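Residue numbers (our numbering), protein chains in the order written: chain A, 1 to 295; chain B, 296 to 570; chain C, 571 to 952.
Virtual Cβ for every residue (Gly too), placed ideally from N, Cα, C.
All figures in this text were calculated on a predicted structure; none of them were measured in a lab.
Report on one structure; see the data block that follows.
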């Protein structure tokens, strides 16, 4: 090959009618962008950072940090009110999540088999509990339960709370399952039924596995919404059956919040984080394993 | 899809009717009655007597506050949230799952407790100041700014997520096509990316606007009761068990929400960007 | 060959992804008004090469020269090049008209006045105002000129009357035409086409091949076309670049690539062919299948092993008694115009096309004209 080296002139933006941004301006913009991004993320985290710090504060006084202490963590068990609130929260949320996941999946399959126009109408209805303001939902449910009181005098408590939570968790499950249903091969079920599988069995054995990612996502979302809910629980609880949010809201007013609440919240955040990271790593390893097999 | 399973939709339709329509209908009816906890059902009658509540000074101020705070929160969340969502999309970090987890993680902590934590560091002497030596936010507890700050950084993830989802769905080749046609990256953003992400912006805005407009816990805690939103009045009416007044105000909120629902359905038929 | 102006020059260009040279030290010159096709299977580096010309990918080594200037660091938007994307990449929020007008609508004022000719714009503006060519009047002129340019482009691609359609309401073939109009309306010097016909059905594809070729000839724009379809490449191109594993295998006119493939890879990729081991006996004489054949135009060392390439349609079927080689038909398939035969000669099976039909088991006599015999150096590594 003959080596021919010509020094070609470098084409510039100006020749083609554009203005060149000076390198230092680009640099400044880049720095500003990352500073702003990190600042926003920091502010999103500010509250849980404060909670974490407070959980490690040896003193009960919230306005000053004394020294690092883990005493509030084991102390969670010694706070009967806090423990009751935690138990109530988990009771309500686990019942609501399990029931919402199962019912939501069936309902989604039902809605999906409607013709498109009707499906869209009912999906719109499905969005009502999600988009409706919590205060309207909570208040109107409370009114209905109240109207039932002459028949069931002790209705407020675990039952109303679970019903109210189901009311807003089911739509989230449906919302997560629906896109997965749309992705499935429309012939999948026909094929299964054609092979003589009974409809209900075909649904459990063929359809549900195909949409399990959506079901799982819906379950997680339902659990999140249920555990974190304040407003709807606030209106629909009774007989002293407080979940964590309602209990904290009540205690703040009285200014006697135990630092163990912060410890519990921090623990929960850490568990969530570890769980998510584990889930993601496992998922990636599985993928890599498969890739390795293919090679 | 097989018609066999249509039967499964029926119970949910009934469920929705019982838990959406009947309570809302009850609420509307109660709003035009004299119903409260001290009356027995036989004494309840239709009356518009308590409707002057709507025009009382306190109510009007609360409505104004609700709209002002919700609008400001939505606008600020939109500007900052869009920016962050766009940066995430542009970032060279491959694992979007991790990034999204970072955005959502704070939402997994208890809302009331987080607000309480924010209130603590908005006080004159606070735990953060005792560590870093200066007050990060200043002594703002009880001020409008404190409420706004709390609302924005509590609800912003609801803005970031749908916008990010919408941005992710935009085919990269559209951006390339635009630049290929001689349009600079800056202009490409405004002419291609932004219009195509509007669906996410609308969803996000509604997801932020509605809970802020109708919420009551954050304003109550961070303003120390100084700033009253419509939700706070409903809360009062609930505590005083004057249910007809509470219903009346809730109906007004409901009307605003129905308006928003109409907007969202024009952009997004089945709520695809809601997640 | 007449001396043409080089428009695009790639000099020793390399692009590496994950330690793999997707494009490996390529040098290529593309001239003005040429229709050049980059041909190869997926993963051969043809699209990456195209994207380097467009500016979406920066080469790790080497230079991209366009119009005699170094373009390596110039962003895509500043290049006088437009692309028709594989999936068209039409803007879903704009209608057909606005898609086509997109480039012109978003250009700077200076660019537009230059594009339409400042004098002409000024003159028409004066006509409107009857005095000074005000900026508003000039803007109006430019706007109407954009409007006309877009309509002309749509007429050229036969989409007149589709201006207000949404892009998802038209067929794949029509979308393809919109993409073409959207690029051509800007009068680019170079048009890059990344497998633009891949998503169309056969009939439409053939019609579009013809139209594209016509358009290129009429407009005098340089087309750089990427495809994996050798037939498409053959029909449209002035020159074809056959690529494999990021390396150019052969560069030449469709005819020369078809008739004189430089190696087995090209011979197999471009149509069907018989590759038979042989020996270059001496000048104009080659031995294969145990027989000496007259040949022409190749120079190897006497006695060197060569690979002989014969296209299936280049065999002459002759009477068995007069034949140079004889064999037995072991497979026969009627293909419409011709019959496809497999003929066994000793250990070797040859593929050939004839107009006569043969039964399986029938003997057949063959001869080959000297100019139909092509030879390649034997490749050691494969």
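| Query | Result |
| --- | --- |
| Would you report the Cα separation of residue 192 of chain A and residue 734 of chain C, rounded to the nearest angstrom? | 45 Å |
| Please classify residue 604 of chain C: is it buried, with 16 or more other beta-carbons within 10 angstroms of its beta-carbon, or exposed? | buried |
| Can the beta-carbon of residue 181 of chain A be found closer than 7 Å to that of residue 100 of chain A? | no |
| If I follow the unbroken alpha helix (DSSP H) through residue 926 of chain C, where does it start and stop? | First-last for residue 926 of chain C: undefined, no H or E at that position. |
| Establish whether the CB of residue 11 of chain A and some CB of chain C are separated by less than 7 Å. | yes |
| Among C:904, C:612, C:887, which residue has its Cα nearest to the Cα of residue 897 of chain C? | C:887 |
| Assuming residue 910 of chain C and residue 923 of chain C make a contact with CB atoms under 8 Å, what is their CB distance in whole Å? | 6 Å |
| What residues of chain C sit near residue 472 of chain B, judged by a beta carbon separation below 7 Å? | 655, 659 |
| Less than 6 Å between the CB of residue 444 of chain B and some heavy atom of the ligand SAM, yes or no? | Ligands are entirely absent from the displayed structure, and the ligand SAM is therefore not among its contents. |
| On the criterion of 16 or more Cβ atoms from any shown chain inside 10 Å, does residue 689 of chain C qualify as buried, or is it exposed? | exposed |
| Could you give the C-beta distance for residue 653 of chain C and residue 724 of chain C, rounded to a whole number, given that I count them as a contact under 8 Å? | Their Cβ separation, rounded to whole angstroms, is 19 Å, which puts residue 653 of chain C and residue 724 of chain C out of contact at 8 Å. |
| From what residue to what residue does the alpha helix (DSSP H) around residue 684 of chain C run? | 679-686 |
| Closest Cβ-Cβ distance between residue 280 of chain A and chain B: below 7 Å? | yes |
| Using a C-beta cutoff of 7 Å, does residue 549 of chain B count as contacting chain A? | yes |
| Any C-beta of chain B sitting closer than 7 Å to the C-beta of residue 586 of chain C? | no |
| From the DSSP secondary-structure annotation, give me the bridge partner or partners of residue 576 of chain C. | C:601 |
| Compute the distance between the beta-carbons of residue 511 of chain B and residue 521 of chain B, then report whether it is under 7 Å. | no |
| Would residue 535 of chain B be called buried (16 or more neighbouring beta carbons within 10 Å of its own) or exposed? | exposed |
| Could one say the Cβ of residue 478 of chain B lies closer than 7 Å to chain C's Cβ atoms, at least one of them? | yes |
| Kindly indicate if chain C contains any beta-carbon less than 7 Å away from that of residue 490 of chain B. | yes |
| Establish whether the CB of residue 271 of chain A and some CB of chain B are separated by less than 7 Å. | no |
| Could you tell me whether the segment 653-663 of chain C touches the segment 730-748 of chain C, where touching means 3 or more Cβ pairs closer than 8 Å? | yes |
| Taking residue 913 of chain C as the reference, give the member of C:780, C:773, C:844 with the closest Cα. | C:844 |
| Unbroken beta strand (DSSP E) runs of length 3 or more, entirely within the segment 712-779 of chain C: which are they? | 760-764 |
| Please report the residue range of the alpha helix (DSSP H) in which residue 460 of chain B lies. | 439-463 |
| Opposite residue 946 of chain C in the DSSP bridges: which residues? | C:877 |
| Give every residue of the same chain whose Cβ lies closer than 6 Å to the Cβ of residue 940 of chain C, excluding the five residues on either side of it in the sequence, and list them in chain order. | 864, 865, 866 |
| Would you say residue 583 of chain C and residue 613 of chain C are within 7 Å of each other, going by their C-beta atoms? | no |
| Would you say residue 260 of chain A and residue 82 of chain A are within 7 Å of each other, going by their C-beta atoms? | yes |
| So residue 898 of chain C is in the beta strand (DSSP E); what residue range does that whole segment cover? | 895-904 |
| Going straight from the alpha carbon of residue 248 of chain A to that of residue 169 of chain A, what length do you get? | 22 Å |
| Once DSSP output is grouped into helix, strand and coil, what is the label at residue 886 of chain C? | strand |
| Between the alpha carbons of residue 553 of chain B and residue 529 of chain B, how many angstroms are there, rounded? | 19 Å |
| My understanding is that residue 360 of chain B touches residue 496 of chain B, with C-beta atoms under 8 Å, so please give their C-beta distance in whole angstroms. | That belief does not hold up - the Cβ atoms of residue 360 of chain B and residue 496 of chain B are roughly 25 Å apart, past 8 Å. |
| Do we get a CB-CB distance below 7 Å when we pair residue 486 of chain B with the residues of chain C? | yes |
| Report the neighbours of residue 482 of chain B on chain C: residues whose CB is nearer than 8 Å to its CB, in chain order. | 676 |
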